[in-house]
Each structure stands twice: as C-alpha cells, then as structure tokens.
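Engineer:
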Amino acid sequence: MRAVDRVCKLRPLEDVRPRNPTCDAIGAAPKPPYAADIRRPSIMFGNLQFNRRSMLQCGATFAMLKCSTMPALAAPATAPRLPARANVIIRNAYVMTMEAGTGDIKDGDVHVKDGVIVAVGQKLNVAGATIINAAGMIVLPGLIETHWHMWNSLLRSMSGDKPDFGYFRTTAALGQKYEPTDMYQGTRLAAAEAITSGITFVHDWCHNIRSPAHADKDLQALRESGLRARFSYGAAQAQPNNQRIAIADLERLNQDWANYSNDGLIMLGFAWRGMGGNNPATAIPPEIYKAEIESARRLGLPISVHASGSRAATGQVDTIAKAGLLADDMQIIHGVVLTPDEIAAIKAAGASVSLSPTSELRIGFGLPQTANLLAAGIPVGLSVDTVELTGNADMFGIMKFIQNIENGKSESEFRLTARRVLELATIEGARSMGIANKIGSLKPGKRADIILVSTKDINLGVFGDPAHMLVTAAQPSNVDTVIVDGRILKRAGKLTAMNPVQIATEAAAANLALRKRANWW
Numbered sequence: 004m005r006a007v008d009r010v011c012k013l014r015p016l017e018d019v020r021p022r023n024p025t026c027d028a029i030g031a032a033p034k035p036p037y038a039a040d041i042r043r044p045s046i047m048f049g050n051l052q053f054n055r056r057s058m059l060q061c062g063a064t065f066a067m068l069k070c071s072t073m074p075a076l077a078a079p080a081t082a083p084r085l086p087a088r089a090n091v092i093i094r095n096a097y098v099m100t101m102e103a104g105t106g107d108i109k110d111g112d113v114h115v116k117d118g119v120i121v122a123v124g125q126k127l128n129v130a131g132a133t134i135i136n137a138a139g140m141i142v143l144p145g146l147i148e149t150h151w152h153m154w155n156s157l158l159r160s161m162s163g164d165k166p167d168f169g170y171f172r173t174t175a176a177l178g179q180k181y182e183p184t185d186m187y188q189g190t191r192l193a194a195a196e197a198i199t200s201g202i203t204f205v206h207d208w209c210h211n212i213r214s215p216a217h218a219d220k221d222l223q224a225l226r227e228s229g230l231r232a233r234f235s236y237g238a239a240q241a242q243p244n245n246q247r248i249a250i251a252d253l254e255r256l257n258q259d260w261a262n263y264s265n266d267g268l269i270m271l272g273f274a275w276r277g278m279g280g281n282n283p284a285t286a287i288p289p290e291i292y293k294a295e296i297e298s299a300r301r302l303g304l305p306i307s308v309h310a311s312g313s314r315a316a317t318g319q320v321d322t323i324a325k326a327g328l329l330a331d332d333m334q335i336i337h338g339v340v341l342t343p344d345e346i347a348a349i350k351a352a353g354a355s356v357s358l359s360p361t362s363e364l365r366i367g368f369g370l371p372q373t374a375n376l377l378a379a380g381i382p383v384g385l386s387v388d389t390v391e392l393t394g395n396a397d398m399f400g401i402m403k404f405i406q407n408i409e410n411g412k413s414e415s416e417f418r419l420t421a422r423r424v425l426e427l428a429t430i431e432g433a434r435s436m437g438i439a440n441k442i443g444s445l446k447p448g449k450r451a452d453i454i455l456v457s458t459k460d461i462n463l464g465v466f467g468d469p470a471h472m473l474v475t476a477a478q479p480s481n482v483d484t485v486i487v488d489g490r491i492l493k494r495a496g497k498l499t500a501m502n503p504v505q506i507a508t509e510a511a512a513a514n515l516a517l518r519k520r521a522n523w524w
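Counting from 1 along the sequence shown, just add 3 to a position and that's the residue number in my numbering.
1. Comparing alpha-carbon positions, which option in 243, 145 and 235 lies nearest residue 218?
2. Which of the three DSSP states is assigned to residue 471 in this structure?
3. Going by other Cβ atoms of all chains shown within 10 Å of its Cβ, with 16 needed for buried, is residue 372 buried or exposed?
4. Compare the Cα-Cα distances from residue 201 to each of 500, 482 and 376 and report the closest residue.
5. On a CA-only basis, which of 320, 310 and 180 is nearest residue 336? Give me that one, please.
6. For residue 375, which residues in the same chain have their Cβ closer than 7 Å to its Cβ, ignoring the five residues on either side in sequence?
7. Starting from the C-beta of residue 397, find all residues in its chain whose C-beta is less than 8 Å away, skip the five residues before and the five after it, and write them out in chain order.
8. Am I right that residue 339 and residue 363 are in contact with their C-beta atoms under 8 Å? What's the rounded C-beta distance?
9. Along the chain, which unbroken stretches of the beta strand (DSSP E) at least 3 residues long are found entirely within the region 416-503?
10. Taking only the alpha-carbon atoms, compute the straight-line gap between residue 176 and residue 417 and give it to the nearest angstrom.
11. Distance, Cα to Cα, residue 292 vs residue 102?
12. Is the beta carbon of residue 402 less than 7 Å from the beta carbon of residue 383?
13. Under the three-state reduction of DSSP, which class applies to residue 368: helix, strand or coil?
14. Is the region 120-130 touching the region 254-266 in the sense that three or more CB pairs, one from each, lie closer than 8 Å?
15. Hey, residue 240 and residue 211: beta-carbon distance below 7 Å or not?
16. DSSP state of residue 519, grouped into three classes?
17. Going residue by residue through the region 300-376, where are the continuous alpha helix (DSSP H) segments of at least 4 residues, counting only ones entirely within it?
18. Work out the CA separation of residue 494 and residue 485 for me, nearest whole Å.
19. With 16 as the cutoff for other CB atoms within 10 Å, does residue 465 come out buried or exposed?
20. Name the DSSP beta bridge partners of residue 403, please?
21. For residue 130 and residue 92, what's the separation of their Cα atoms in angstroms?
22. CB-CB under 7 Å to residue 521, same chain, minus the five flanking residues each way: which ones, in chain order?
23. When you compare the region 446-457 with the region 152-171, are there three or more beta-carbon pairs, one atom per stretch, that lie closer than 8 Å?
24. For the region 284-301 and the region 240-251, state whether three or more C-beta atom pairs, one from each stretch, are separated by less than 8 Å.
25. Check for me: the alpha helix (DSSP H) holding residue 390 runs from which residue to which?
26. Check whether the region 435-450 and the region 404-417 touch, using three or more Cβ-Cβ pairs below 8 Å as the test.
27. Based on the DSSP output, what are the partners of residue 108 in its beta bridges?
28. Which same chain residues, not among the five before or five after residue 353, have their C-beta less than 8 Å away from its C-beta?
29. Given a cut-off of 7 Å, decide if residue 108 and residue 469 are closer than it, judged by their beta-carbon atoms.
30. Between 300, 185 and 473, which has its C-alpha nearest residue 513's C-alpha?
31. So, with DSSP's three-state summary, where would you put residue 279?
32. Would residue 368 and residue 435 qualify as a contact pair, given that the criterion is a beta-carbon distance under 7 Å?
33. Return helix, strand or coil for residue 144, following the three-state DSSP convention.
This is the structure:
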C-alpha cells in the first residue's frame, strides 16, 4: 500500500460521546455515562495504565509527502454529532455584555436561539425556551484565544531546564516523529482543555503539517470539539528554509473548505514563517517567503507570523514593513522587542498583535508591550501559545499575568485595569482576529458564544467588582457552563460532548508511543 493510501485510510477513533445532551428547566447537568464518577477531571496525563500494544496500533511511520505530487485526499467524513443548538434563557445572572453603551446588567437575562443571541435584558419571557437558572453567576462572552500551537499539547510541560531539552529542540525533535493521529490526539486534548477553561474561540496555529493527513486529522479534532476556530496552515517542524510549504495542499483545503468548516465555525488562515531571522544562516530565501505569502493572499487568507519576539529577532517587523508585506490582513505574534517605529508601522498598516505573556516569560523572551500597543490603538489579543512551555490553557491566569506585568513595569497599581484586560480576552481579542462583528460581546444578532462563571466556589465566594474577580481570582474550575454557537458544551462543570477520561488516557498513550519512536526519554 502506498504511503498516501495508508494516510487516507486511517480508521477514526470510536465516537463515544452522548448524542443528544440537554439541560432541564432549571439548568441541571446532562448525565453522560462517563461523567458519573468525575465532576471536573484534570486534562493531564497522570498515572494512567494502558496496554502498550494498543497504544502502538496507529504507529505506522509517515514520510513527509510533497503535496504538489500526490493525489488530493478525499473530503473528510461528516463530524460526529454535536449537541443541538439550544433555545434557552439564561436567567437572573450578573451579565457583563462587554458591549460599549450597554455595560453590565444586574439580575440580567440572555435569550439564545438557533445559535444567535436574540435578546439581552431583564425578565425576558419566551414561550418554549428552557430556563437556565444563573443566580450567583457571571455571564460574559466566551474567552477568545488568538494563537495556540494546539498540536503540541501532546508534549505538555516537556520543555526542560537544560538546553538539550529546551522548547525549540524538544518541539523539533518530537514534531518530526508526529503521525497524523498524533495531531488528532494533541489538538483534541487542547480543545477539551479550552472548553473546560471557558475558551470558545481558538487560533490553531498549526506549524507541523507534514502531510495532508496531518492537516486533516488536526481539523477533525477541531470539528468534533464544537469550538469556533481559525486553523492557520503552517510548515512542518524542521522543514528546510529553502523548501516551500505545501502550497498545493493549502489550495486543496481552501477549495474544499465547506467540508472542513463545521458549518462556518472554523475559518482557514495561513501561519507564515516570515522572512527568517537576522542570521543569514536562518534566513528564508526571497523566492520562498514571497511565494508563500503571495499564495495566501491570492487565496484571501488572513496571515499570522511570529516576529520581533526576542532580542535575537530584533527588527523583523521593520524588515517585513520595508518589504511592503505588512498589511491589515496580518497578525504579529509576540512583538516583545518592537520599536516605536515598528509599532507605528503596525498601526499604519492596520495589523494586529497577539501577546503570550506566560510563554514569553517562561522562555525568556522578555515582557510584553501591552500598554504601548494599546496606546497606539492597535488591536491586541491574548494567547495560550503552547502548553509545552506553560503547562495549561488558563486564560484567567493569562489575564492576571498581563495586568501584573504591566503594572509592575510602570510601578503603578492602576496602569492596566482589570476591565481593560477582560476586554483583551473578549471583544478586543475578537477585533484582533477580525471577527468582532460575530462574537466578543453579548449583543443581539451576534453568535451565541457565552460562558457562565460561578461565584459560589470557595476561591471566589464573595461578590465584589466582577472584572476584578474574574481577572485576579477566577480559575477554569469556576467555569460552570460553556456555550458555543448556541450549543451547550459544558454544563455544571462537566463537558457534555467530550469524554475527558478517554481523551487524557489516549493522549498519554500517544505521548509515550511518540517518545519511544523518537527515543526521547
């Protein structure tokens, strides 16, 4: 059997998810069969036991395939069924709309039907709508994540404390051994954690596409999760700088995107490698970087690029701007060492910036320029980046990091307010991704991406300023309910459409099989 045939004929994992989760009139949790003994399971590997033979069943080795010379893969199978879009009224909550001119509504209601926010107000009454009693909860837009290498969630916390086991070395060494099913396992693990944490939109920055099947498996995990997402197509780990990405495969996906988009929930983007570093040895030849970005723009795809993220990357945004490539379709990631002129260039071009404070500090890049970017009027979003470095996908923790870093830098308790930080994780994040017309605030007509945060848990317990509570005290465990496009994906602290025990167990098996193939112990 040819390699491409093996790639195309991988048997999908069994779908064990409940087919029609619902909530009752008082918002009780659905009871999927696997949720009986675990209320809020940790999405980690843990001390799990499993059969080595079963963990290696999908262990065939896939060579990197040149998409320009291989036949197109068949369109993906229809995604497993997600919960039906609910007709619900979220009743009696503290509603933070994040919408200018509306603000917060005490004892507020939100009506959701057919995936859309129908009304926001008080004492809403709609015949036939299910009532979710949200007394004691804060209701706000779902959290928006703007740059996440979801595939390497399979490598959680594997970046070590010595150069031989640093982030880039570990990612490249293990990334080269990834099989398509590893992409599925890593991204599914990340997606489950995202929903658990109250994240309803993810930017899946996929920079390990080694074959069309690797892309398809990553996308399969996104579709099955029910998350809203942008999937940004990137190069493979350790791909030579003088070798183009698989443009033919990018074109394949773009042409057939209706079969991948999950009814419009997932958008396609391009993860550009940029122009390379300042060292000529790491520079990407002009004929390569131009062909790649021109292909993305010909297809009308939004572009994202790591640039000016550390002292070693000083001047990268300036180089992109002087080449005439900086534009309003581009997102700059990190930008830790941006100069005032580069910030001005980003503003003039209409580009946006994604900040990853937890990873930027962990890896030693430096401190994010949050206040300078906001003062310039540049759209800014927050990102997980990679749990290989940061350990988890806690957007509440990321918000707290951003505020504390900026206030510490300025030596002022009041430099960056909690309310402004919360905007970065909601409406401002949506604006930075070009989707603020759809999500990011609770406004009639927008898509229903909503979370409910309980204030009754012990780490909250008292109700003070809600923005301060969310930014300084809240944790993923406080997220009671998650709604994406009108579908209830988490209720009463439990995932309704994913089996966290199965996901963690299979991810652990995939991780060990990967390490064995790579001889990485």
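For each residue, glycine too, the CB sits at the ideal point set by N, CA and C.
Structural biologist: So, from the data block:
1. 235
2. helix
3. buried
4. 482
5. 310
6. 346
7. 200, 478 and 479
8. 6 Å
9. 453-457, 482-487 and 490-494
10. 44 Å
11. 39 Å
12. no
13. coil
14. no
15. yes
16. helix
17. 319-325, 343-352 and 360-366
18. 7 Å
19. exposed
20. Answer is none; residue 403 lacks a bridge partner.
21. 10 Å
22. 176, 177 and 180
23. no
24. yes
25. 390-393
26. no
27. 98
28. 330 and 331
29. no
30. 185
31. strand
32. no
33. strand
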